[in-house]
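A.B. asks:
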């Protein structure tokens, strides 16, 4: 077991009558990417901000690089890079001014010209932050989080508002950071990206951890697959369930759209196809794929919209 | 060949002096590039200096008009930069999350406030120089020792800075903008700034003399018009306001 750069144990936080965190526990292994996932309001930002020292927990333990986020704040600040969920920059300053300024707060910062070039910030000139596009602001905030050469970087939704190219650039840098020994903890709503970039995944809901582990641990064995069935006319879930072996779960996503999960293989696909033919059901889609992080996420946190 | 980007962790803070200096330069740069701030800190004081001297709209007493007007304008310059400008900028930086982010860097709260104070002082040096040049061209004859004038200006700056921080800590950004401008206008007109406190209605005069604006302007007039020694009562009033401002600011300062 690798050593943890960040440890959260049974963290509780209430805002008035609202419980934001309910005995939340997870750990972020050193020099790896940990993705903290969860629906809106799950408590992700609250948890990160307690780790960053912006908020205090009502109870529980947080160790950031082995230290307490508030009482050891002065010692931790140079070691921790933070990208807030939004904003974080002086509206009147230019990107280059801000990046150079933040770099000068640290003893041995990154080369700001090279970092600007890497994140496509070099061409922004003297434009003040408030007139930069949303994507440019996010890239600048990301640069500010890593310019001080921290050991641990906490990124709250780093790719929100970025175009695909900028997203790739950010994920590439995240990879390079972990290869250089930096620990990354991030939140995102883009589960495909989390699946591509994360070594360790924490899924939280209602302020508590509902799953934690490496991707293979969460997604399951290689054999775990998902069969998607779409039909022109709705069919009864029980009819479909009757033709597949036990160990396969059938779920209706919407009338005419069904997901079969569990021990689903080509034999199951063949049985469903045969059943459709026998019952004159026109299947517009019958596709087998590997189970994804999104399947795990939706299984654990439900498919209903949050109020 | 080594890549210019070595991401391997090398954490460490720059020296405290370097952090404060860099933050001061940032604050100064954003202030001097902000058109509205420049109008407030330089435009309005200079316009009032010329207008009040040239147009006999207010009864300012027996001394030469420029000699009465200039100390008030110097007090106004301090008030605009150290109070109104500082409070508004701090409020909007906070709303943008800029202060919160700085709270995650090696810059401490004390260093941030120190840098903001230094940036205010440098801005005031520019203001005082410009106002003095224009006033001298208009026939200003200052008296008193420069040391005493600088002491009064610094004491006024300390009082208004602490009150500016306090205001931005108590109110939201938009409310800070509105209230800081309203207080600026009220003190400008009734706080002993352009109308000396002894020309205000008697009942109000005593109150205005106890306000930071009145104390600063009265102190500056006493020294610059008559060449009298440092008026300790004015310094004492400014010191009391500084203490009040610091207490409130420390209690209400928030990174976000």
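Protein chains in written order, with my numbering: chain A, 3 to 309; chain R, 10 to 265. Glycine included, every Cβ here is placed at the ideal spot set by N, Cα and C.
Specify the secondary structure class of residue 202 of chain A as computed by DSSP and reduced to three states.
C.D. replies: One-based indexing of the first chain puts residue 202 of chain A at position 200. DSSP places residue 202 of chain A in the strand class (E or B) of the three-state scheme.
A.B. asks: Would you mind sorting residue 71 of chain R into buried or exposed? The rule is 16 or more other CB atoms within 10 Å of its CB.
C.D. replies: Position 62 of the second chain, counted from the start, is the residue given in the question as residue 71 of chain R. The residue is exposed, with fewer than 16 neighbouring Cβ atoms inside 10 Å.
A.B. asks: Residues in its own chain within less than 7 Å of residue 101 of chain R by CB, not counting five upstream and five downstream?
C.D. replies: Looking up residue 101 of chain R in the second chain gives position 92. Correct list, in chain order: 182.
A.B. asks: Beta carbons nearer than 7 Å to chain R: which residues of the region 155-187 of chain A have them?
C.D. replies: 178, 179, 182, 183 and 184
A.B. asks: Just to make sure I have the definition right: I need the residues of chain R whose C-beta is within less than 8 Å of the C-beta of residue 103 of chain A. Which are they?
C.D. replies: Here residue 103 of chain A corresponds to residue number 101 of the first chain, with the count starting at 1. Going along chain R in sequence order, the residues near residue 103 of chain A (Cβ under 8 Å) are 31, 32, 34 and 35.
A.B. asks: Is residue 240 of chain R close to chain A, meaning its C-beta is less than 9 Å from at least one C-beta of that chain?
C.D. replies: As a first step, residue 240 of chain R is located in the second chain; it is residue number 231 there, counting from the start. Judged by the 9 Å Cβ criterion, residue 240 of chain R is not in contact with chain A.
A.B. asks: Taking just the CA atoms, how far does residue 268 of chain A sit from residue 247 of chain A?
C.D. replies: Looking up residue 247 of chain A in the first chain gives position 245. Looking up residue 268 of chain A in the first chain gives position 266. For residue 247 of chain A and residue 268 of chain A, the distance between alpha carbons rounds to 12 Å.
A.B. asks: Quick check: the Cα distance between residue 85 of chain R and residue 17 of chain A, rounded to an integer number of angstroms?
C.D. replies: Numbered from 1 along the second chain, position 76 holds the residue referred to as residue 85 of chain R. Numbered from 1 along the first chain, position 15 holds the residue referred to as residue 17 of chain A. So the alpha carbons of these two residues sit roughly 44 Å apart.
A.B. asks: Rank R/184, R/150, R/212 and R/178 by C-alpha distance to the C-alpha of residue 230 of chain R and give the top, closest one.
C.D. replies: Stepping through the second chain from its first residue, residue 230 of chain R is reached at position 221. That would be R/150, whose Cα lies nearest to the Cα of residue 230 of chain R.
A.B. asks: Measure from the C-beta of residue 49 of chain R to each C-beta in chain A and report whether the shortest distance is under 9 Å.
C.D. replies: On the second chain, residue 49 of chain R is found 40 positions in, with the first residue counted as 1. Cβ-Cβ to chain A under 9 Å: no for residue 49 of chain R.
A.B. asks: Runs of 4 residues minimum, wholly inside the region 73-106 of chain R: which ones carry the alpha helix (DSSP H) assignment?
C.D. replies: 74-87 and 95-104
A.B. asks: Going along chain A, which residues have a C-beta under 7 Å from residue 106 of chain R?
C.D. replies: Taking the first residue of the second chain as 1, we reach residue 106 of chain R at position 97. Under the 7 Å cutoff, chain A gives 86, 88, 89 and 90.
A.B. asks: Please report whether the beta-carbon of residue 267 of chain A lies at a distance below 9 Å from any beta-carbon of chain R.
C.D. replies: Indexing the first chain from 1 puts residue 267 of chain A at position 265. Judged by the 9 Å Cβ criterion, residue 267 of chain A is not in contact with chain R.
A.B. asks: Using beta-carbon positions only, say whether residue 131 of chain A and residue 91 of chain A come within less than 9 Å of one another.
C.D. replies: Along the first chain, one-based indexing puts residue 131 of chain A at 129. Along the first chain, one-based indexing puts residue 91 of chain A at 89. Closer than 9 Å, so yes.
A.B. asks: Given residue 74 of chain R, which residues of its chain have a CB within under 6 Å of its CB, disregarding the five upstream and five downstream residues?
C.D. replies: As a first step, residue 74 of chain R must be located in the second chain, where it is residue number 65. Within the same chain, residue 74 of chain R has close Cβ partners 62.
A.B. asks: Which residue wins for smallest C-alpha separation from residue 9 of chain A, given the options A/24, A/49, A/42 and A/169?
C.D. replies: The count along the first chain starts at 1 and reaches residue 9 of chain A at position 7. Nearest of A/24, A/49, A/42 and A/169 to residue 9 of chain A, Cα basis: A/49.
A.B. asks: Can you list, in chain order, the residues of its chain with a C-beta nearer than 7 Å to that of residue 216 of chain R? Leave out the 5 residues immediately preceding and following it.
C.D. replies: What you label residue 216 of chain R is simply residue 207 of the second chain in a count that begins at 1. Once the five neighbours on either side are set aside, residue 216 of chain R has no close Cβ partner at all.
A.B. asks: Quick one: does residue 148 of chain A have its CB under 9 Å from some CB of chain R?
C.D. replies: Here the question's residue 148 of chain A lines up with position 146 in the first chain. Yes, contact with chain R.
A.B. asks: With a threshold of 16 other CB atoms inside 10 Å of the CB of residue 133 of chain R, please say whether the residue is buried or exposed.
C.D. replies: Counted from its first residue, the second chain places residue 133 of chain R at position 124. It is buried - the Cβ of residue 133 of chain R has at least 16 other Cβ atoms within 10 Å.
A.B. asks: Which residues in the same chain have their Cβ closer than 6 Å to the Cβ of residue 37 of chain R, if we skip the five residues on either side of it in sequence?
C.D. replies: What you label residue 37 of chain R is simply residue 28 of the second chain in a count that begins at 1. So the list reads 128 and 131, once near-sequence residues are dropped.
A.B. asks: Give a yes or no on contact between the region 75-84 of chain A and the region 145-155 of chain A, applying the rule of three or more CB pairs nearer than 8 Å.
C.D. replies: yes
A.B. asks: Tell me which residues share the same chain as residue 291 of chain A and place their Cβ nearer than 6 Å to its Cβ, disregarding the 5 neighbours each side in the sequence.
C.D. replies: As a first step, residue 291 of chain A must be located in the first chain, where it is residue number 289. Answer for residue 291 of chain A: 228, listed in chain order.
A.B. asks: Tell me whether residue 195 of chain R is buried or exposed, calling it buried when 16 or more other Cβ atoms sit within 10 Å of its Cβ.
C.D. replies: One-based indexing of the second chain puts residue 195 of chain R at position 186. Here residue 195 of chain R is exposed: its Cβ has fewer than 16 other Cβ atoms, across all protein chains shown, within 10 Å.
A.B. asks: Just mark residue 156 of chain R as buried or exposed, buried being the case when its beta carbon has 16 or more other beta carbons within 10 Å.
C.D. replies: Locating residue 156 of chain R in the second chain gives position 147, where the first residue counts as 1. Classification of residue 156 of chain R: exposed, given that the 10 Å Cβ count is below 16.
A.B. asks: Residue 261 of chain R CB to nearest chain A CB: under 9 Å?
C.D. replies: Here the question's residue 261 of chain R lines up with position 252 in the second chain. Residue 261 of chain R does not count as touching chain A.
A.B. asks: Which value, in whole angstroms, describes the spacing of the CA atoms of residue 10 of chain R and residue 186 of chain A?
C.D. replies: For this step, residue 10 of chain R is matched to residue 1 along the second chain. For this step, residue 186 of chain A is matched to residue 184 along the first chain. With a pLDDT of only 39 at residue 10 of chain R, under 50, the local geometry of the prediction cannot be trusted, and no value is derived from it.
A.B. asks: Work out the CA separation of residue 244 of chain A and residue 162 of chain A for me, nearest whole Å.
C.D. replies: Sequence index remark: in the first chain, residue 162 of chain A carries index 160 (1-based). Sequence index remark: in the first chain, residue 244 of chain A carries index 242 (1-based). So the two alpha carbons sit approximately 43 Å from each other.
A.B. asks: Indicate whether residue 123 of chain R and residue 174 of chain R have their beta-carbon atoms separated by less than 9 Å.
C.D. replies: Start at 1 with the first residue of the second chain, and residue 123 of chain R comes out as number 114. Start at 1 with the first residue of the second chain, and residue 174 of chain R comes out as number 165. No, the pair does not count as a contact, with Cβ atoms beyond the cut-off.
A.B. asks: Given this structure, state the Cα-to-Cα distance separating residue 88 of chain R from residue 133 of chain A, to the nearest angstrom.
C.D. replies: Residue 88 of chain R sits at position 79 when you count from the first residue of the second chain. Residue 133 of chain A sits at position 131 when you count from the first residue of the first chain. Cα atoms of residue 88 of chain R and residue 133 of chain A: separation of roughly 30 Å, rounded to the nearest angstrom.
A.B. asks: Apply the 10 Å Cβ neighbour rule to residue 289 of chain A and answer buried if 16 or more other Cβ atoms are within range, or exposed otherwise.
C.D. replies: Numbered from 1 along the first chain, position 287 holds the residue referred to as residue 289 of chain A. Exposed.
A.B. asks: With DSSP as the reference, label residue 17 of chain A as helix, strand or coil.
C.D. replies: As a first step, residue 17 of chain A must be located in the first chain, where it is residue number 15. In this structure, residue 17 of chain A counts as strand in the three-state DSSP scheme.
A.B. asks: Go through its chain and collect everything with a Cβ distance to residue 97 of chain A's Cβ below 6 Å, but skip five positions before and after it.
C.D. replies: Taking the first residue of the first chain as 1, we reach residue 97 of chain A at position 95. Within the same chain, residue 97 of chain A has close Cβ partners 123, 126 and 142.
A.B. asks: Chain A partners of residue 27 of chain R, CB-CB under 7 Å?
C.D. replies: Taking the first residue of the second chain as position 1, residue 27 of chain R is located at position 18. Result: 106.
A.B. asks: Would you say residue 42 of chain R faces chain A, with C-beta separation under 9 Å as the test?
C.D. replies: Taking the second chain and counting its residues from 1, the one referred to as residue 42 of chain R is at position 33. It does: the Cβ of residue 42 of chain R has a partner Cβ on chain A nearer than 9 Å.
A.B. asks: Kindly say whether residue 193 of chain R, judged by its beta-carbon, lies nearer than 9 Å to any beta-carbon of chain A.
C.D. replies: The residue you call residue 193 of chain R lines up with position 184 of the second chain. It does not; no Cβ of chain A falls within 9 Å.
A.B. asks: Measuring CB to CB, does residue 183 of chain A end up less than 9 Å from residue 33 of chain A?
C.D. replies: Numbered from 1 along the first chain, position 181 holds the residue referred to as residue 183 of chain A. Numbered from 1 along the first chain, position 31 holds the residue referred to as residue 33 of chain A. In this structure, residue 33 of chain A lies closer than 9 Å to residue 183 of chain A by Cβ.
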